[in-house]
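Novice:
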Amino acid sequence: MTDMKNERFNFLMNNSEQTIKHLLLKHSNVAGNDAYGESYDALLKLPAVLYWKQNIPSEVNNTTILGSSDSCFENSFGKLVSFGLSFEDILSHGDLKKYVAFLKTKESNNIYDSLCRFVVAGYLFAANFSDDIVYETVISRINTLYNFITTSSAKYNIYASAASFKIPSQYKTKKLVNPVLYEKNELVLPLVYDIFVFYYVYDKLPEDTKKKIDCILEYVSDNRYQSFDYGYGLIKSPQNKYHFMGWSVHLPLYNEALSIDYFKNGLIHRMVLLSRFKNPDIETWISGVLEKLRDFQIDDYLYCFSNEYLPEIKNSYFMNGRHTSLNENRRKKIGRIVESTFYIHLINDCN
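Heads up: the sequence shown is residues 111 to 461, going by this note's numbering.
1. If you run the structure through DSSP and keep just helix, strand and coil, what is I305?
2. Look at the alpha carbon of E293 and the alpha carbon of P348, and state the distance between them as a whole number of angstroms.
3. I believe L153 touches G194 by the beta-carbon criterion, under 8 Å. Please report the beta-carbon distance rounded to the nearest angstrom.
4. In whole angstroms, what is the alpha-carbon distance linking K284 and G204?
5. For I345, does the three-state DSSP call read helix, strand or coil?
6. Is the beta carbon of Y222 within less than 7 Å of some heavy atom of the ligand ADP?
7. Thinking just about the alpha-carbon of each residue, which of D332, K214, F228 is nearest to the one in I259?
8. Would you call F275 buried or exposed, if buried means 16 or more other Cβ atoms sit within 10 Å of its Cβ?
9. Compare the C-alpha of I166 against each of E198, D144, L327 and name the closest.
10. Determine the extent of the alpha helix (DSSP H) in which K208 is found, giving its start and end residues.
11. Let me know the secondary structure DSSP gives I448 once reduced to three states.
12. Count the other CB atoms, across all protein chains shown, that sit within 10 Å of the CB of V290; report buried if there are 16 or more and exposed otherwise.
13. Buried or exposed: I370, going by 16 or more other Cβ atoms within 10 Å of its Cβ?
14. Between the beta-carbon of D361 and the beta-carbon of Y419, is there less than 8 Å?
15. Using DSSP with H/G/I as helix, E/B as strand and the rest coil, what is K424?
16. So, at 7 Å on beta carbons, what are the nonlocal neighbours of F308 in its own chain, with the 5 sequence-adjacent residues on each side left out?
17. Exposed or buried, D113, counting other C-beta atoms within 10 Å across all chains shown (16 or more means buried)?
18. Using CA coordinates, which residue listed in L383, K189, S337 is at the minimum distance from H505?
19. Would you call the region 310-329 and the region 246-255 touching, i.e. three or more CB-CB distances under 8 Å?
20. Using a Cβ-Cβ cut-off of 7 Å (strictly less than) and excluding sequence neighbours within five positions of F212, which residues of its own chain qualify?
21. Along the chain, where does the beta strand (DSSP E) that runs through K351 open and close?
22. Going along the chain, which residues of its own chain have a beta-carbon closer than 8 Å to the beta-carbon of S337, five neighbours each way excluded?
23. Leaving aside the five residues before and after S179 along the sequence, list all residues of the same chain whose C-beta is less than 6 Å from its C-beta, in chain order.
24. Return the CA-CA distance between F121 and F354, expressed in angstroms with no decimal places.
25. Does I447 pass the burial test, meaning 16 or more other C-beta atoms within 10 Å, or should it be called exposed?
26. Where does A270 sit, in a helix, a strand or coil, going by DSSP?
27. Check V230 in the structure and name its three-state DSSP category.
28. Per the DSSP calculation, Y413 is bridged to which residue(s)?
29. Straight-line CA distance for R404 to D242?
30. Distance, Cα to Cα, E246 vs L315?
31. Pull up the distance between the alpha-carbon of E117 and that of Y411, whole angstroms please.
32. For my contact list, V472 and Y233 are in at a C-beta cut-off of 8 Å; report their separation, rounded to the angstrom.
33. With DSSP as the reference, label L297 as helix, strand or coil.
34. In angstroms, rounded to a whole number, what distance separates the CA positions of N437 and Q280?
35. Go ahead and pull the three-state DSSP assignment for L286.
36. Does the distance from the C-beta atom of L383 to that of F306 stay below 8 Å?
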């Protein structure tokens, strides 16, 4: 590590509480030694860990998997993955069997069925659990995205003319995502859920699969992709119902449309996820954003972000960067400095 990276790492090790200290050790590849084991044992006893574990749903269905509630799987399990927990310390043996059974029996009759299956499989894989159905589900999703990106003439032409559809008046300003792109009950456009899973499983995959992920990242970092409407647009459901999709892989502050205040809340979380990948366009975007964040830099290697950049909002989406607390005492300035600096460490120093 460079001197600045060393200084930042040492500051964090000397000043952080248990969650960040554990993650620093985890990212230092010292898993298995005594210090790591002691750190992990202490992590498991934290009130925040117990809170999120209690929010893991035992009933497994689309409603309990996806949603903004803290008690939805995507938020509670995702938060524990971000703390560095492994699956056996998140799920009881009985609940693990339920989630695996869901993957084996759940049919994909619409895009949300497919998304729920991928979220469960991808999050389990991210938490170091893998059996045939988990691995196959993740690989299938990667192949679906890769095949669309490399073979479809519609990859930068994703919208359908709304003239032939009876779109409700409240949605008249929204573009309609071409139903061809989800005609097989799976949206073939990348979602931020994909990037979250890729962040955690990339090094567990064979080289040819890594190259497919690299191709997916090239697609989402292209200016033509970033020109899509945020959230893509409207999705047509059966019985001529419509809803707004969301979860596109847009880069906050990339352009004027992505620079409104709304995008400040999810900025740091998304920077962390995308910093994992060696992609020149993403690296350029990150460098540009870091320049814009200079106002929060308090010396050569320390940062202190305002609350809007590191939100912790009850019953809101983890995947949208609304649960960024890493259990430091944010009521004290040192707590905000440690968390802010740790996120910069993840973005700048770990890849």
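Idealized CB from N, CA, C, for every residue including glycine.
Specialist: Concretely, from the data shown:
1. helix
2. 11 Å
3. 7 Å
4. 43 Å
5. strand
6. As for the ligand ADP, it is missing from this structure, which has no ligand bound.
7. D332
8. exposed
9. E198
10. 203-215
11. Checking the sequence shown, residue 448 turns out to be Val, not Ile. Helix.
12. exposed
13. exposed
14. First, the residue type needs correcting, since residue 361 is Leu and not Asp in the sequence shown. For L361 and Y419, no; Cβs fall outside 8 Å.
15. coil
16. I323
17. exposed
18. The requested residue 505 does not occur in the structure, where the chain is confined to residues 111 to 461.
19. yes
20. V170, V230
21. 351-354
22. N365
23. N425
24. 44 Å
25. buried
26. strand
27. helix
28. Q407
29. 46 Å
30. 12 Å
31. 7 Å
32. For the chain, the structure presents residues 111 to 461; residue 472 sits outside this window and is missing.
33. coil
34. 41 Å
35. strand
36. yes
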